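Each residue of the sequence shown is one higher than the one before, counting from 1 in our numbering. Ideal Cβ positions, reconstructed from N, Cα and C, are used throughout, including at glycine. All values derive from a computational prediction rather than experimental measurement. For reference, the structure is listed below as structure tokens.
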Amino acid sequence: MSTNQPRPFIPKAYRQIVFENVHFLSHPGTSATSNLISKRFIWPKMKSDIRDRIRACTKCQRAKVFQHTKAPLSTFSEPDARFSHIYLDSIGPLPISEGKKYCLTIIDRFTRWSEVIPTVDMTAETTAHALVHGWISRFGTPLTITTDQGRYFESTLFRELTNMIGSHRIHSASYHPQSNGMIE
1 MSTNQPRPFI PKAYRQIVFE NVHFLSHPGT SATSNLISKR FIWPKMKSDI RDRIRACTKC
61 QRAKVFQHTK APLSTFSEPD ARFSHIYLDS IGPLPISEGK KYCLTIIDRF TRWSEVIPTV
121 DMTAETTAHA LVHGWISRFG TPLTITTDQG RYFESTLFRE LTNMIGSHRI HSASYHPQSN
181 GMIE
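If you want it as structure tokens, here you go:
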């Protein structure tokens, strides 16, 4: 890479030191490491030398993913009845109103009807109570409940509640709010 800036020539004895000082900061790949080094230094066969050194880097080899797993695309059936499939999520803390600073949000997949139930906290007990008294007592038991992986939705109490009422639970993917997109 030719630049308008003069760059120091690095003798063989110091190339490993230069490589380590640049590469070991964040272990960037071959192109990024080559670009970072070639902007500041020069030596013959630099790119192939850097490539070989990266291939020999144990941390890079341990962290490198050689083949990404690809999950097949799933299809979701359209709900055919109102209140049969609901999405749950929580929001907060919010400014306190009447002693409550969290909300359980519920959306019906078929009608898009939404309910927001204010709660004091976001424990499993509070969440289960809000679901039963704020939704199920008014609209009936849903066949399917989709939630994220919040600790209150993953609790034993919430799992037992959904088993007891006969609802099938679907968990959205971790760190991927789009999979629970209707409520996110």
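Check, Outcome
"Quick check: the segment 73-84 against the segment 48-64, are there 3 or more CB pairs under 8 Å?", "no"
"Would you mind giving the Cβ-Cβ distance between Ile50 and Phe19, rounded to the nearest angstrom? I have them listed as a contact below 8 Å.", "7 Å"
"Taking C-alpha atoms, which residue in Ala13, Gly99, Glu98, His133 lies nearest to Ile106?", "His133"
"Going by DSSP, what residue range makes up the beta strand (DSSP E) through Cys103?", "102-108"
"How far does the beta strand (DSSP E) with Arg169 in it extend, from its first residue to its last?", "168-171"
"Taking C-alpha atoms, which residue in Thr127, Thr119, Ile86 lies nearest to Thr111?", "Ile86"
"So, under 8 Å CB-CB, Thr156 and Ile145 are touching, yes? Tell me the CB distance rounded to an integer number of Å.", "Not really, about 16 Å apart at Cβ, beyond 8 Å."
"Considering only the alpha carbon of each residue, which of Asn21, Lys39, Arg169, Lys100 lies closest to Gln149?", "Arg169"
"Quick check for students: name the residue ranges of the alpha helix (DSSP H) that lie wholly in the segment 39-95, counting only runs of 4 or more.", "46-55, 58-63"
"Pop quiz: Val22 and Thr30 are said to be a contact at Cβ under 8 Å. What is the actual Cβ separation, rounded to whole angstroms?", "Between Thr30 and Val22 the Cβ distance is about 12 Å, and since that is not below 8 Å, they are no contact."
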